[in-house]
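Asker:
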Amino acid sequence: MPKNSKVTQREHSSEHVTESVADLLAHQEPVDYKRSVLNVTGEAWDKQKEGDEDLEAENRPAWNSKLQYILAQIGYSVGLGNVWRFPYLCQKNGGGAYLVPYLVLLVIIGLPLFFLELAVGQRIRRGSIGVWNYICPRLGGIGYASCLVCFFVGLYYNVIIGWSIFYFFKSFQYPLPWSECPIVKNGSVAVVETECERSSATTYFWYRETLDISNSISESGGLNWKMTLCLLVAWSLVGLAMIKGIQSSGKVMYFSSLFPYLVLVCFLVRGLLLRGAVDGIMHMFTPKLDKMLDPQVWREAATQVFFALGLGFGGVIAFSSYNKQDNNCHFDATLVSFINFFTSVLATLVVFAVLGFKANIMNEKCVVENAEKILGYLNTNVLSHDLIPPHVNFSHLTAKDYNEMYRVIMTVKEGHFKELGLDACLLEDELNKSVQGTGLAFIAFTEAMTHFPASPFWSVMFFLMLINLGLGSMIGTMSGITTPIIDTFKVRKEVFTVGCCIFAFVVGLIFVQRSGNYFVTMFDDYSATLPLTVVVILENIAVAWIYGTKKFMQELTEMLGFRPYQFYYYTWKYVSPICMAVLMTASIIQLGVSPPGYSAWIREEAAEKFLFYPTWAMAILISLIILASLPLPLVFILRQFHLVSDGSNALSVTYKKGRMMKDISNLEDNDETRFILSKVPSETPSPMPTHRSYLGPGSSSPMEMSSAPNGRYGSGYLLASTPESEL
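One gets my numbering by counting positions in the sequence shown from 1 and adding 62 to each.
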């Protein structure tokens, strides 16, 4: 051994060695070990590489302020689903009663798993690929699967932003272009467009003017150039927001995260002043308690919690990786989770206030149309005037008077009532018409806004809100791709971001052909649900059962300065994995029970019709699920059989404050005694093996040190005898 080596110097020193391994692990920096390296394989220490890693950790971008970070997480988690999915589920699954299972599942699934992702990202300070390579190399496929799912979701999600951009620019005119059916000339006669007359003005504008949709997914119909240009604008916005990383996207979040709340509050105030708004809100919050016993309600609530917080996508981990080590991520997780919930409730109030107004308008229209039918029957003596109550005035007919007249006619003409073709015109029936997704945003809500005073202003505000909600979520989704790829493969941020956006735009052209809406439905239904559920289950298992819940709690204590509640210990170790496994099983059963299909718009019938996917579309659908899940078994097999390196044979220990991963929770007394350095200098063990070099994970070395595959993510001590350290 060289005379000037640190071990030789220490052997000839008169100082007694008193530190044990436990002492070293229990203190952040007992002495300056920054340059000290223990290389078990005999591999030469690369000083330049070590310096580059230190510089990289120090130069990692950081949020300008805590507010910017919180707004970024809120902008990512609060998306279009809060506006058009949550209100629909609320209406469908028992109104106010639906809030109970949602809150319960938010607390026992959503909050713990959201906290877990924030914590691992902040602790390891890498994207999803680096984080899961560090925690468990054999489950490193989790990060790659997250990137693929983010890519699939980003492809179609930006198409929705493109649709919103189209409606946004169309809103700068009065009257709004979807307020009336177009007039076409048939020779010398001007008639209303048949497809519009048989449906409605807003439905026609959506399916024909916007999408110019084909009758089925098999009929491509070529590109819709209006939507292609809007998609190009959408990807340009995303690229500009992402090109400088969080330095550019963080500034965008100040507007894209806060503006939707301004619009929602304005819509709520305006909506409450509309006639019938209270009817909608009362209908919304009237609890149907029997629904709480339905397992389907709990499954849909769990799915909504899961996707509302953006779990498994990698965006949460990416954003938290730019935080300081001592940031209180527990507070962040609680704050963002409940802001997300209250935003959903606020959006639901707005939606049902507006839909209550629309229901009253539609109900009045129904009463007028059916009253004209009754007058026609009275004039042709089909109905007797004696059937009409004396206080009924047809010139000022109320819904109450019509319902009374309707019941009398139905009772007297019981045998021939169906032939009259009269409708009940009940407000409850209008309120029970469930709409979600594009049907809510681009048909129901746009129709309601045509009845607003100053309707173009409200339309501009609404679609600008949708653009910002979508943009905030897209920034988080794209961060789930760019951050781990840039961290792992060291590509240039600007070049990769631009290239990724261009590639996504080219692939996304499939969604702007005339049949593109059907592909959006396919990707939305099948590309993310099952793969992401598997990803989150494996994330939970990797931390709680492989890395070790006790050790993770200990590291959180050191990082946060306080010990998290025991509640998290039990949810991470038992409750969340079980709940997620049940959700995955239910999702698989749902896929098997519900035949894969889509709602097609049939032009000749001016109506929607459910169609099954053809064979080639089924192949695409299955390929999406397999491709998104493929990295999980592939990486496991490659690393299990040592076909690629997992970093186990290049172990180095670098003592760095705040980055050393420690395992003292399972250090028994006899283990400590075994590793205590002797007070007799000559008995001080050398850190180098005397008989053979380290042989990898299967060797019987008394101490196993875990590091990331490329040694880039710090290092730490793990005892080989500790069950939680075994993969």
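From the three backbone atoms N, C-alpha and C, an ideal C-beta is built for every residue, glycine too.
As the structure is a computational prediction, the values presented were derived from the model and not from experiment.
Mind checking alanine 263: buried by the 16 CB within 10 Å criterion, or exposed?
Answerer: Indexing the sequence shown from 1 puts residue 263 at position 201. Under this definition alanine 263 is a buried residue.
Asker: Over what stretch of residues does the beta strand (DSSP E) that includes serine 661 continue unbroken?
Answerer: Along the sequence shown, read from residue 1 onward, the residue named residue 661 stands at position 599. Segment 659-664, the beta strand (DSSP E) holding serine 661.
Asker: Just how far apart, CA to CA, sit glycine 372 and phenylalanine 514?
Answerer: Here the question's residue 372 lines up with position 310 in the sequence shown. Here the question's residue 514 lines up with position 452 in the sequence shown. Rounded to the nearest angstrom, the two C-alpha atoms are 34 Å apart.
Asker: Using the Cα positions of threonine 647 and leucine 273, report the straight-line distance between them to the nearest angstrom.
Answerer: Against the sequence shown, residue 647 aligns to sequence position 585. Against the sequence shown, residue 273 aligns to sequence position 211. Going from the Cα of threonine 647 to the Cα of leucine 273 covers about 36 Å.
Asker: Return the residue from the list Glu509, Trp607, Arg187, Trp663 that minimises the CA-CA distance to lysine 386.
Answerer: Here the question's residue 386 lines up with position 324 in the sequence shown. Of Glu509, Trp607, Arg187, Trp663, the residue nearest in Cα terms is Arg187.
Asker: Tell me whether threonine 410 is buried or exposed, calling it buried when 16 or more other Cβ atoms sit within 10 Å of its Cβ.
Answerer: Numbered from 1 along the sequence shown, position 348 holds the residue referred to as residue 410. By the neighbour-count rule (16 or more Cβ atoms within 10 Å), threonine 410 is buried.
Asker: Quick one, which of Leu168, Phe524, Leu673, Val253 has its alpha-carbon nearest phenylalanine 400's?
Answerer: Here residue 400 is taken as the residue at index 338 of the sequence shown, counted from 1. Here the closest residue by C-alpha is Leu168.
Asker: Does DSSP classify leucine 285 as helix, strand or coil?
Answerer: Walking along the sequence shown from the start, residue 285 turns up at place 223. Correct three-state label for leucine 285: strand.
Asker: Would you decide whether alanine 159 is buried or exposed? Buried here means 16 or more other CB atoms lie within 10 Å of its CB.
Answerer: Here the question's residue 159 lines up with position 97 in the sequence shown. Classification of alanine 159: buried, given that the 10 Å Cβ count is 16 or more.
Asker: For lysine 671, which beta-bridge partners are listed by DSSP?
Answerer: Looking up residue 671 in the sequence shown gives position 609. Bridge partners of lysine 671: Ala662.
Asker: Thinking C-beta only, is glycine 342 closer than 7 Å to alanine 415?
Answerer: Within the sequence shown, numbered from 1, the residue matching residue 415 stands at position 353. Within the sequence shown, numbered from 1, the residue matching residue 342 stands at position 280. Yes, they are a contact pair.
Asker: Whose C-alpha, out of Ala668, Trp607, Gly538, is nearest the C-alpha of cysteine 209?
Answerer: For this step, residue 209 is matched to residue 147 along the sequence shown. With distances taken between Cα atoms, cysteine 209 lies closest to Gly538.
Asker: Taking just the CA atoms, how far does lysine 552 sit from aspartate 394?
Answerer: For this step, residue 394 is matched to residue 332 along the sequence shown. For this step, residue 552 is matched to residue 490 along the sequence shown. Taking the straight line from one Cα to the other gives about 29 Å.
Asker: Check tryptophan 107 in the structure and name its three-state DSSP category.
Answerer: Locating residue 107 in the sequence shown gives position 45, counting from the first residue. Note that tryptophan 107 has pLDDT 43, beneath the 50 cutoff, so the model's placement of it is unreliable and the number below is only indicative. Of the three classes helix, strand and coil, the one that applies to tryptophan 107 here is coil, per DSSP.
Asker: DSSP state of lysine 350, grouped into three classes?
Answerer: Along the sequence shown, one-based indexing puts residue 350 at 288. Coil, per DSSP.
Asker: Helix, strand or coil for lysine 247, going by three-state DSSP, please let me know.
Answerer: Residue numbering aside, residue 247 sits at position 185 when the sequence shown is read from its first letter. If DSSP states are grouped into helix, strand and coil, lysine 247 belongs with the strands.
Asker: So, with DSSP's three-state summary, where would you put valine 574?
Answerer: Sequence index remark: in the sequence shown, residue 574 carries index 512 (1-based). It is coil, neither helix nor strand.
Asker: What does the Cβ neighbour count give for glutamate 556, buried or exposed, with the cut at 16 atoms within 10 Å?
Answerer: Working through the sequence shown from its first residue, we reach residue 556 at position 494. With fewer than 16 other Cβ atoms within 10 Å, it is exposed.
Asker: Report yes if the CB atom of isoleucine 656 is closer than 7 Å to the CB atom of glutamate 670, and no otherwise.
Answerer: To locate residue 656, count along the sequence shown from 1; it is residue 594. To locate residue 670, count along the sequence shown from 1; it is residue 608. The amino acid at residue 656 is misidentified as isoleucine; the sequence shows serine. Not in contact: serine 656 and glutamate 670 (Cβ atoms no closer than 7 Å).
Asker: Excluding five sequence neighbours on each side, which residues of the same chain lie with their C-beta closer than 7 Å to the C-beta of methionine 680?
Answerer: By 1-based counting over the sequence shown, the position of residue 680 is 618. Taken in chain order, the residues that qualify are Pro658.
Asker: Can you tell me which of the three DSSP states valine 254 falls into?
Answerer: On the sequence shown, position 192 is the one that residue 254 refers to. Here valine 254 sits in strand by DSSP.
Asker: Tell me the residue span of the alpha helix (DSSP H) that contains tyrosine 439.
Answerer: Counting from 1 along the sequence shown, the entry for residue 439 is found at position 377. Taken as a continuous stretch (DSSP letters only), the alpha helix (DSSP H) holding tyrosine 439 covers 391-441.
Asker: Would you check if the distance between the CB atom of cysteine 212 and the CB atom of glycine 542 is smaller than 7 Å?
Answerer: The residue given as residue 212 occupies position 150 in the sequence shown. The residue given as residue 542 occupies position 480 in the sequence shown. For cysteine 212 and glycine 542, yes; Cβs fall inside 7 Å.
Asker: Where does histidine 345 land, buried or exposed, given buried means 16+ other C-beta within 10 angstroms?
Answerer: For this step, residue 345 is matched to residue 283 along the sequence shown. Burial call: buried.
Asker: Leaving out five residues before and five after leucine 694 in sequence, what residues of the same chain have Cβ atoms less than 6 Å from its Cβ?
Answerer: Stepping through the sequence shown from its first residue, residue 694 is reached at position 632. Cβ within range, chain order: Gly203, Ala207.
Asker: When the Cα of tyrosine 580 is compared with those of Ile279, Val221, Lys247, Asn144, which residue comes out closest?
Answerer: Here residue 580 refers to the residue found at position 518 when the sequence shown is read from its first residue. When only C-alpha atoms are compared, the closest one is Ile279.
Asker: Spatial neighbours of phenylalanine 347 within its chain, please: C-beta separation below 7 Å, excluding the five flanking residues on both sides.
Answerer: In the sequence shown, residue 347 corresponds to position 285, counting from 1. Excluding residues within five positions, the ones whose Cβ falls inside 7 Å are Gly157, Gly158.
Asker: Whose C-beta lies closer than 7 Å to the C-beta of isoleucine 687 among residues of the same chain, with five residues either side of it excluded?
Answerer: Looking up residue 687 in the sequence shown gives position 625. Excluding residues within five positions, the ones whose Cβ falls inside 7 Å are Tyr588, Leu592, Pro593.
Asker: What residues in its chain sit with their C-beta under 7 Å from that of phenylalanine 404, if we drop five residues either side in the sequence?
Answerer: Start at 1 with the first residue of the sequence shown, and residue 404 comes out as number 342. Excluding sequence neighbours, phenylalanine 404 sits near nothing in its chain.
Asker: By a C-beta neighbour count over all protein chains shown, 10 Å radius and 16 as the cutoff for buried, is lysine 247 buried or exposed?
Answerer: Counting from one through the sequence shown, the residue named residue 247 turns up at place 185. Result: exposed.
Asker: Would you say tryptophan 287 and phenylalanine 504 are within 7 Å of each other, going by their C-beta atoms?
Answerer: On the sequence shown, position 225 is the one that residue 287 refers to. On the sequence shown, position 442 is the one that residue 504 refers to. Cβ atoms of tryptophan 287 and phenylalanine 504: not closer than 7 Å.
Asker: Measure the C-alpha to C-alpha separation of asparagine 155 and proline 357 and round it to an integer number of angstroms.
Answerer: Here residue 155 refers to the residue found at position 93 when the sequence shown is read from its first residue. Here residue 357 refers to the residue found at position 295 when the sequence shown is read from its first residue. Cα-Cα distance, rounded: 11 Å.
Asker: My output table needs one value for glycine 113: the three-state DSSP class, helix, strand or coil.
Answerer: Taking the first residue of the sequence shown as position 1, residue 113 is located at position 51. Residue confidence is low: glycine 113 scores 47 on pLDDT, short of 50, so the model does not pin down where it sits. No coordinate-derived value is stated.
Asker: Check for me: the alpha helix (DSSP H) holding glycine 216 runs from which residue to which?
Answerer: Locating residue 216 in the sequence shown gives position 154, where the first residue counts as 1. Unbroken alpha helix (DSSP H) run through glycine 216: 203-232.
Asker: Taking 7 Å as the threshold (C-beta atoms), are alanine 296 and glycine 216 in contact?
Answerer: Residue numbering aside, residue 216 sits at position 154 when the sequence shown is read from its first letter. Residue numbering aside, residue 296 sits at position 234 when the sequence shown is read from its first letter. It is not a contact, given that the beta carbons lie outside the stated cut-off.
Asker: In three-state terms, what does DSSP make of tyrosine 131?
Answerer: To locate residue 131, count along the sequence shown from 1; it is residue 69. Helix, per DSSP.
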